[in-house]
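Following our numbering, the numbering of the sequence shown begins with 1329 at its first residue and continues without gaps.
Ideal Cβ placement from N, Cα and C applies to all residues, glycine included.
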Amino acid sequence: LNILAPCPRGWRHSSEETMSVAKLAADTCYWPLYEVDNGKTTVTYKPREKLPVAEWFKRQGRFRHLFRPANTELLEEIQAKIDQEWELLLKAEAQSA
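1. Where do the ends of the alpha helix (DSSP H) carrying Lys1368 lie?
2. To which residues does DSSP link Asp1365 through a beta bridge?
3. Could you tell me whether the stretch 1345-1353 touches the stretch 1376-1396, where touching means 3 or more Cβ pairs closer than 8 Å?
4. What number of angstroms, rounded off, separates the C-alpha of Tyr1362 from the C-alpha of His1341?
5. Between the C-alpha atoms of Thr1400 and Leu1394, what's the straight-line distance to the nearest angstrom?
6. Expressed to the nearest angstrom, what Euclidean distance is found between the alpha-carbon atoms of Ser1424 and Pro1380?
7. Please classify Ser1342: does DSSP put it in a helix, a strand, or coil?
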């Protein structure tokens, strides 16, 4: 069992935003929700509209540095990696059906 637990103090967001920050992690596919049972992969949450990971990062002060102009390529690389991992997860689900 692997759980994402937002930390308002460490992640630098308000306590009131904790649930929305956690939901954004899933909506951006940074933190995909899936299970593997007896080798069968099931994606348990597929966002209606997959949001860019930047939307999740923007809500947290700890990622402020990613929005400097010098880090544009880094943010693009992170998005590409998340997109790649998401596609692999969907493929794993399709193959184990």
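Based on what the coordinates show:
1. For the purposes of this step, residue 1368 is taken as the residue at position 40 of the sequence shown. Counting along the chain, Lys1368 falls outside any alpha helix (DSSP H), though it belongs to the beta strand (DSSP E) covering 1368-1373.
2. What you label residue 1365 is simply residue 37 of the sequence shown in a count that begins at 1. Note: Asp1365 sits in a beta bridge opposite Lys1368.
3. yes
4. Locating residue 1362 in the sequence shown gives position 34, counting from the first residue. Locating residue 1341 in the sequence shown gives position 13, counting from the first residue. Approximately 26 Å between the Cα atoms of the pair.
5. Working through the sequence shown from its first residue, we reach residue 1400 at position 72. Working through the sequence shown from its first residue, we reach residue 1394 at position 66. Taking the straight line joining both Cα atoms gives about 7 Å.
6. In the sequence shown, residue 1424 corresponds to position 96, counting from 1. In the sequence shown, residue 1380 corresponds to position 52, counting from 1. So the alpha carbons of these two residues sit roughly 27 Å apart.
7. The residue given as residue 1342 occupies position 14 in the sequence shown. Here Ser1342 sits in coil by DSSP.
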